[in-house]
Amino acid sequence: MKMKLSVLHAAVLAATLAVPAGSVQAALPFLTADNQEMPTLAPMLEKATPAVVHISVEGSREVRQRVPDAFRHFFGQRGQGELRQERPFSGLGSGVIIDAAKGYVVTNNHVIQDADKIQIKLKDGRSFSAKKLGADPQSDIALLQIEAKNLVQIPLADSDKLRVGDYAIAIGNPFGLEQTVTSGIVSSLGRSGLNMDGFEDFIQTDAAINSGNSGGALVNLRGELIGINTAILGPNGGNVGIGFSIPSNMMKNLVDQIIEHGEIRRGSLGVRGNDVNSELTEALNLNVSRGAFINEVLPDTAAAKAGLKAGDVIISMNGNRVHSFNELRARIATLGAGRKAELGILRDGKERKVTVTLQELASSQVAANQLHPMLQGATLNNSSKGVEISEIASGSVAEQVGLRQGDIITGVNRQRVANLAELRRILDNRQGVAALYIRRGNDDLYILLR
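FYI, in mature numbering (1 follows the signal peptide of the UniProt record, and there is no 0) the residues of the sequence shown are -26 to -1, 1 to 424.
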């Protein structure tokens, strides 16, 4: 009697059998001794896993420790509230070879951040020192390079074609356990909000992802890369069936910029807006329930030059649906300056297409958590009066400490602040509490950052 297959295995078998003949990345069935077909991912994984590497790092980080008043003179910290020390650290993670000829390896920025030594170990046991070519902390992507022969690269899939329910396979090194494979499905697309200051458009998956999987591969049944595993949602860093990956298209846009320019040249559209929600749909009689609503088009920007208007709803970008303003923001930023994007918009109840040429995000605009952790969620710009808080995320740390959109920072700890460079210098050299002097409309106030 033939063995009964589970619903999941039957579905996998049906999917694998539907792969065109001759596809070398396909997950193929094999025959048992009694000629029963059994689904297996082994042939695909034998080709994909050599492209996933183990990364170990060493370095040192500055650690700040608050010193009680009674003991400050023992540490040479009289009148100061913190003791700063350099402490060594080590860490483990994963990476993916995307170009065998050039030795390019992609991983997460947080895997290699502050590392002085980066060591990459291949599946065949060879080990190489890696050079960091560039990184983007806000999207958590880093590009490394090794000098090695006979490398195996992983083919890239078009992540914009992913659908909820597609099978997903995670490959990495959780807890240092090399070459671990887990399986699941694409649980959701366009996820954001994990890092208020980041550019996020995550693939969510229930394939088991744990500490050490960061920087590893998320692949489809053909063994093509659909994402770079980057985050998990669970207590104590453990798997609870909710993991997140950076889409392969987003990764490729960022890597191409690093290779071409040596840095990320972030794209800018020049609009402010919100997510489309039920209240907005009802108030404006919109016939869409998801999208990016434009509140304001800034002058002399890509959006203004393309003819976008306040009240437009952006519903697609380059033929792919846009579900939220955060998703649009991430796609625009990571596509890069100088690139063209075709936006599908809804105006006066009618859909139309608008082509924009993205400008470069002004270098004066920064995520505020780079200056102080309690500013997480705010975006700062230089202005004629000081440093303006141009955006602030709802529920963010910055909002909780009392900052508001439109606030102007004019001083810190009784020192005048005229621009971001001065603000950064003062905060970098601060000791203890930072007292921000804020101009809000016609009022002046202090906000303390501890």
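Don't be surprised by glycine CBs; every beta carbon is placed ideally from N, CA and C.
Where do the N-terminal and C-terminal ends of the alpha helix (DSSP H) with residue i fall, by residue?
i           : result
residue 18  : 16 to 22
residue 86  : 83 to 86
residue 229 : 222 to 235
residue 248 : Run containing residue 248: none in the alpha helix (DSSP H); it sits in the beta strand (DSSP E), 245 to 249.
residue 301 : 299 to 309
residue 256 : 252 to 258
Using the Cα positions of residue i and residue j, report the straight-line distance between them to the nearest angstrom.
i           : j           : result
residue 388 : residue 412 : 12 Å
residue 310 : residue 422 : 36 Å
residue 35  : residue 67  : 18 Å
residue 280 : residue 392 : 33 Å
residue 88  : residue 65  : 11 Å
residue 80  : residue 261 : 41 Å
residue 326 : residue 273 : 22 Å
residue 227 : residue 320 : 27 Å
residue 109 : residue 133 : 21 Å
residue 352 : residue 401 : 16 Å
residue 223 : residue 135 : 10 Å
residue 368 : residue 165 : 16 Å
residue 420 : residue 29  : 45 Å
residue 11  : residue 17  : 14 Å
residue 107 : residue 238 : 11 Å
residue 214 : residue 162 : 15 Å
residue 217 : residue 206 : 4 Å
residue 330 : residue 264 : 21 Å
residue 61  : residue 101 : 26 Å
residue 366 : residue 112 : 16 Å
residue 145 : residue 94  : 16 Å
residue 377 : residue 14  : 55 Å
residue 90  : residue 328 : 46 Å
residue 220 : residue 416 : 43 Å
residue 255 : residue 286 : 12 Å
Enumerate in chain order the residues of its own chain whose CB-to-CB distance from residue i is below 6 Å, with the five nearest sequence positions on each side excluded.
i           : result
residue 86  : 31, 92, 116
residue 291 : 305, 315, 317
residue 148 : 154, 184, 186, 187
residue 381 : 363, 412, 414
residue 390 : none
residue -5  : Summary for residue -5: the model assigns pLDDT 36, below 50, so the residue's position carries little reliability; its value from the coordinates is reported in the next sentence. Hits under 6 Å: none found.
residue 397 : 361, 391
residue 240 : 307, 335
Which term fits residue i, buried or exposed, when burial requires 16 or more other beta carbons within 10 angstroms of its beta carbon?
i           : result
residue 179 : buried
residue 427 : Missing from the structure shown is residue 427; the chain here goes from -26 to 424 and no further.
residue 52  : Low confidence applies here, because residue 52 scores a pLDDT of 44, under 50, leaving its location unreliable and the question unanswered by this model.
residue 284 : exposed
residue 195 : buried
residue 236 : exposed
residue 150 : exposed
residue 63  : exposed
residue -7  : Per-residue confidence for residue -7 stands at a pLDDT of 41, beneath the threshold of 50, marking its modelled position as unreliable; no derived number is given.
residue 174 : buried
residue 322 : exposed
residue 374 : exposed
residue 75  : exposed
For the beta strand (DSSP E) containing residue i, name the first residue and the last one.
i           : result
residue 291 : 287 to 291
residue 372 : First-last for residue 372: 371 to 374, but that is the alpha helix (DSSP H), not the beta strand (DSSP E).
residue 362 : 360 to 366
residue 275 : Neither: residue 275 is in no beta strand (DSSP E) and is coded neither H nor E.
residue 190 : Residue 190 -> no beta strand (DSSP E), and no H or E assigned at all.
residue 138 : That residue, residue 138, is in no beta strand (DSSP E); it is neither H nor E in DSSP.
residue 354 : 352 to 357
residue 410 : 408 to 414
residue 206 : 199 to 206
residue 316 : 314 to 321
residue 176 : 176 to 179
residue 108 : 105 to 110
residue 94  : 89 to 95
residue 330 : 324 to 331
Leaving out five residues on either side along the sequence, give the residues of the same chain with a beta carbon under 8 Å from the beta carbon of residue i.
i           : result
residue 242 : 275, 276, 306, 307, 311, 332, 333, 334, 335, 336
residue 357 : 382
residue 229 : 72, 78, 80, 115, 117
residue 418 : 411, 412
residue 270 : 245, 246, 247, 284
residue -2  : Because the pLDDT of residue -2 is 43, which lies under 50, any placement of that residue in the model is unreliable, and the question is left without a value.
residue 70  : 25, 26, 27, 79, 80, 81, 128, 189, 190, 191, 199, 202
Could you pull out every residue in the same chain whose Cβ sits closer than 7 Å to the Cβ of residue i, ignoring the five residues on either side in sequence?
i           : result
residue 77  : 119, 120, 121, 122, 125
residue 408 : 346, 386, 387, 401, 423
residue 404 : 387
Assuming residue i contacts residue j (C-beta within less than 8 Å), just tell me the rounded distance between them.
i           : j           : result
residue 245 : residue 282 : 7 Å
residue 298 : residue 266 : 7 Å
residue 158 : residue 181 : 3 Å
Report whether the distance from the Cβ of residue i to the nearest heavy atom of the ligand FMN is below 6 Å.
i          : result
residue 95 : Of the ligands one can find in the structure shown there are none, so the ligand FMN has no counterpart to examine.
Closest Cβ-Cβ distance between residue i and chain D: below 7 Å?
i           : result
residue 330 : No chain D is part of this structure, which consists of one protein chain only.
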